[in-house]
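J.: Residue 406 in the numbering used here sits at position 421 of the sequence shown, and the numbers go up by one each step.
For every residue, glycine included, the Cβ atom is placed at its ideal position computed from N, Cα and C.
A quick note: this is a predicted structure, and the numbers were derived from the prediction, not measured.
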Amino acid sequence: MWISTYTRNLQHQIDAELDRLYPEPATKARKVVLRKGRENYLCLLNLEEAVRGMPMQPHHAIGVGLMARWAAATRDGDLTGGDFPGWLVDIAGRGRTLGLADRRGECIYSACDHYARCYIEKSVRRARKADVVIANHALVMVQAALGGGEEPTLPTRYVFDEGHHVFDAADSAFAGHLTGRETQELRRWLLGAEETGRSRARGLKRRIEDLVASDEQAQELMDAVMLGARVLPAEGWAARLSADNPQGPTEAFLLAARRQVYSRTAGQGGPYSLEADKAYPVDGLLDAAAALEAALVRLADPLAGLAKRLAARLEDETAELDSDQRRRIDAMARSLTRRGVLTVEAWRAMLKTLPVETPAQFVDWFAVERIDGRDVDVGLYRHWIDPTVPFAEALAGPAHGMVVTSATLTDGTGDTAMDWQAAEDRCGASHLPKPALRAQVPSPFDYPNRTRVMVVTDVRKDDLGQVASAYRTLFQAAGGGGLGLFTAISRLRAVYDRIVEPLDATGIPLYAQHVDPLDVATLIDIFRGEEHACLLGTDAVRDGVDVPGRSLRLIVFDRVPWPRPDILHRARRDAFGRRRYEDMIARLRLKQAFGRLVRRADDTGVFVLLDPMMPSRLFGAFPEGVEVRRVGIKEAVEATAEFLRGW
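1. Counting only runs that start and end within the region 324 to 361, where is the beta strand (DSSP E) found for 3 or more residues in a row?
2. What residue from Pro546, Met335 and Leu291 has the CA that sits closest to Met598's CA?
3. According to DSSP, Thr436 sits in a beta bridge with which residue or residues?
4. Return the chain-ordered ranges of every beta strand (DSSP E) run that is complete within the region 105 to 147 and spans a minimum of 3 residues.
5. Taking Tyr366 as the reference, give the member of Glu378, Val246 and Ala280 with the closest Cα.
6. Would you identify the three-state DSSP class for Cys638, choosing helix, strand or coil?
7. Taking the alpha helix (DSSP H) that His(-3) belongs to, which residues open and close that run?
8. At 4 residues or longer, what runs of the alpha helix (DSSP H) sit wholly inside the region 488 to 555?
9. According to DSSP, simplified to helix, strand and coil, what is Asp559?
10. Can you say whether Ile356 is buried or exposed, counting buried as having 16 or more other CB atoms within 10 angstroms of its CB?
11. Quick one: what does DSSP say His719 is sitting in, helix, strand or coil?
12. Check the DSSP bridge columns for Ala86 and list the partner residues they point to.
13. Using a threshold of 8 Å, state whether the C-beta atoms of Glu354 and Ser475 are closer than that.
14. In three-state DSSP terms, what is Ile(-12)?
15. From Asp431 to Glu620, what does the alpha carbon distance come to, in whole angstroms?
16. Just to confirm before moving on: does the CB-CB distance between Ala352 and Glu260 stay below 8 Å?
17. Out of curiosity, what's the CA-to-CA distance linking Asp63 and Ala86?
18. I need the straight-line Cα distance from Val541 to Asp156, nearest angstrom please.
19. Since Gly516 and Gly465 should fall inside the 8 Å C-beta cutoff, what is the C-beta to C-beta distance between them, to a whole number of angstroms?
20. Only counting runs of 4 or more residues, tell me where the alpha helix (DSSP H) segments fall wholly within the region 276 to 325, in order along the chain.
21. Compare the Cα-Cα distances from Val363 to each of Arg225, Ala11 and Glu179 and report the closest residue.
22. When the Cα of Leu477 is compared with those of Leu495, Leu573 and Ala462, which residue comes out closest?
23. Count the other CB atoms within 10 Å of the CB of Trp(-13); is the residue buried (16 or more) or exposed (fewer)?
24. Applying the 10 Å Cβ sphere with the 16-neighbour rule, what's the burial state of Asn25?
25. Look up Ala261 in the DSSP assignment and say whether it is helix, strand or coil.
26. According to DSSP, is His99 part of a helix, a strand, or is it coil?
27. Using a Cβ-Cβ cutoff of less than 6 Å, which residues in the same chain neighbour Leu553 once the five nearest sequence positions on both sides are dropped?
28. Specify the secondary structure class of Asp447 as computed by DSSP and reduced to three states.
29. Is the separation between the beta-carbon of Ala292 and that of Pro234 shorter than 8 Å?
30. Please state whether DSSP places Arg478 in a helix, a strand or coil.
31. Taking buried to mean at least 16 other C-beta atoms within 10 Å of its own C-beta, is Asp489 buried or exposed?
32. Helix, strand or coil: which one does DSSP assign to Met598?
33. Please state if the CB of Thr(-8) and the CB of Ile(-1) are separated by a distance shorter than 8 Å.
34. Does DSSP put His162 in a helix, in a strand, or in coil?
35. Please identify the residue among Asp61, Ala273 and Val282 whose C-alpha is closest to the C-alpha of Leu27.
36. By the 10 Å Cβ neighbour count, where 16 or more other Cβ atoms means buried, how is Gly188 classified, buried or exposed?
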């Protein structure tokens, strides 16, 4: 059975909880495996190459040395939880820590000297024999999208905890992005580092040259793949686009896509990403798309041929190949198919439909991704309007059984039938041939007596001075232990700048995501360990915090978390019921935020929303029996101090 969660934090909670089922460590090690994707584990070959490179880069010696010390002591090599110290990333840098994972699919499997003791391979092998595998939605979805991923066959029994995130996880797994970053990443995966000394990247030829050394046809296909990969953009593509100097068909298409976005969003400057639909294409866009589609054929065909040629060896050379060779050939053939062929064919399908109507089940659009006003990516995007359709087809349908559970899965409209229908729509149950079995368990927490919810009516949410003052006085009234949630990074930073010094003067430390140079997990650990600290954050904090006890006793939300009205959201809103759909998303986000407040039976706390425009129809986001009061900021501050003093 695979137990899938959305957040890393819950993975480790479930792992700890299973100690009650398997109290003997040796038994649990056999029965239970915590399984993550390759990009989450230290690659020993990357570590070896980093050690060898220290004479050329002596300033990296401390970071690499600390990683080597950790590698000798770690239980499982997991870089995203477990025994890995998150603060090491901030001290040694990402390149010498998280950058040593196999994040680019360059594994050479049994040809690696470290294969027998590889953390990743050990995890995969143990998972195949375990009774319970704890994974995350991203890994499970990718396996479903790729027909197994690392596994020869898909699991048949699943539990999806945090089931309200199944929709979002499926949306990521089954989407197609024809962008500068994605195309360059594929080129790098195929060709490796093209500039000596700039990267440890191992290209496809280096990874499989010994497998094709005696096969002339395979070598010819390999050469064709190397040539075809050059239609994809090399390093420096973003600078060439900015200089209006594209090289090759992919960059020419990306430049036309960029022009499409900027021509349709004239006057919408600023630091945020931009997007445009594909209607009324700018001059040259369709011609560039046709040229790129034709060029991609020269890559897709030899990739498919090479994958088939490798797979054929498993049948033709059954008596000659040992087990490790068979596993490696099988892994490389499957990798070529899922990482190369399927990706390129998806891009070609997107390009072919550019001049015509997008298939009804998809949404296509162009976008320029920006960070602080700087373009970082551009391209054509395709998402399913309802991503639970491919999820149900690829994973839920073939499974023998599946349980979806969440404290916030049903909606809060007050109409039981509609609330359950929303739950089934979000997890794909409505697409299965047989109706799902429903079960609802009452919460063990006494929310009406141990929590308070207030909506502040006299703070203008568009006046950051008033908003910052409200955060400051509420945090001071609670004596710290406050979590401030924001719907926009810019608002978070502006409030932080205004309140960090006044809070510090009263002995209340303030930490902030997107401000402090620490990862979210480290910030949460610090916040959890300091009873009088406060933390500001956005979505990642709202959905992933587990801080029981006095360290979290107040949550302040800057405004109702309505979904951003982008092209994809508008298409889904039209498909799922317009205002009903938007209300459902807002209620879900409010439920998640409120859920951070009470993590165990003796927890208590106050939830404050600084938005006078909060409609009463969203009050269903809060547990039954909890009174939602509309008050002024003065009353909210007084009520917060008085209530928390009583506990």
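T.: The answer reads as follows:
1. 347 to 356
2. Pro546
3. Gly590
4. 117 to 121 and 142 to 145
5. Val246
6. Since the first residue of the chain shown is -14 and the last is 632, residue 638 is not available in this structure.
7. Arg(-7) to Glu2
8. 505 to 514 and 524 to 529
9. helix
10. exposed
11. Only positions -14 to 632 of the chain appear in this structure, which leaves residue 719 out of reach.
12. Leu27
13. no
14. strand
15. 24 Å
16. yes
17. 9 Å
18. 29 Å
19. Looking at the sequence provided, one finds Glu at residue 516 rather than Gly. The Cβ separation is near 7 Å, so the contact holds.
20. 308 to 320
21. Arg225
22. Leu495
23. buried
24. buried
25. strand
26. coil
27. Val348 and His368
28. coil
29. no
30. helix
31. exposed
32. coil
33. no
34. strand
35. Asp61
36. buried
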